[in-house]
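I have placed the structure first, in the form of structure tokens, so that the comments after it can refer back to it.
Here is the structure:
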């Protein structure tokens, strides 16, 4: 069964890695695909038309429909061109996959304003820009699916990725608001946090034994494992699935919860700094999140 027959899907960052695998599987399931990728380096430098065009050519060679788009999602006009190209070439737009990303990792106190801005621009602002461009079409046709890529770096935390973590958790907030605002139009919005070995994860430091073990785990998690969930979320089969956060870890799919209160303590006469120190914190401390927690602590087992 081809779950996306007649659909038009735009995938950002689709020239390589996870995005390319998503585009290929969407095409295999009958979708016409807009392959967006300016072909920049891992940190956003340069540009190359080759990756996007190669993915489009591979889809066409296999009997599918695809076009390449080289715009930067960080530019509102460029983001709009992705949707405009879809409508011009294929007559409509049914799903947006906000996958494009760059990394500029560095420890917090060494992070420059430029590195902060560049990562926020591509991940968070880019997701906003492309989603905003598709929204009028989704509202008019009373249907559509936004699939945003978040990360456990944002959901859980990671070292040396303040810019990336902030952007990725911001995407969750964006997705939730879109889901609520667009529900009346029959439009859904969901997030995926992928575990996969790609050009971006290849930059993870591997110096300590623990870091080396983490990288070896990642290498077993192929990019194509992410694509089936994207196809499902882009299809009509997911019409009642919205405002959710999923994760894919090889053959395991995880549903993340949203932050919820876990402890509460009331003092009817009001709190003072002293009573917080003497009473509240000792009561709350057993429920504190681990101060140095990263995704490896939450997923300590080998991928399945």
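Numbering (the numbering used here), first residue to last: 2 to 305.
Glycine included, C-beta positions come from ideal geometry on N, C-alpha and C.
A Cβ-Cβ contact shorter than 8 Å links residue 146 with residue 239. Sequence-distant partners of residue 187 (beyond 5 residues in either direction) whose C-beta falls short of 6 Å from its own C-beta, in its chain, are 143, 144. Every beta strand (DSSP E) of 3 residues or more that sits fully in the region 100-164 is shown, in chain order, as 145-150. A Cβ-Cβ separation of about 5 Å places residue 123 in contact with residue 103 under the 8 Å criterion. When secondary structure is reduced to three states using DSSP, residue 294 falls in the coil class, being assigned neither helix nor strand. Spanning the alpha carbons of residue 138 and residue 51 requires a straight line of approximately 29 Å.
Residue 38 and residue 285 have their C-alpha atoms spaced approximately 47 Å apart. Judged by DSSP in its simplified three-state form, residue 240 adopts coil rather than helix or strand. The Cβ atoms of residue 96 and residue 23 do not sit closer than 8 Å to each other. Residue 74 is positioned such that its CB atom lies closer than 8 Å to that of residue 127. Shown here, residue 270 sits in coil according to DSSP, grouped into three states, outside any helix or strand. Excluding its 5 nearest sequence neighbours in each direction, residue 86 has C-beta neighbours in its own chain below 7 Å: 35, 68, 70, listed in chain order.
In this structure, residue 290 keeps its C-beta atom at 8 Å or more from the C-beta atom of residue 243. Cβ contact annotation for residue 5 (same chain, cutoff 7 Å, sequence separation greater than five): 27, 30, 31, 32, 232, 235, 236, in chain order. Taking a contact as a CB-CB distance under 8 Å, the pair residue 12 and residue 100 counts as one, their CB atoms being some 6 Å apart.
Taking C-alpha positions only, residue 55 is separated from residue 250 by approximately 27 Å.
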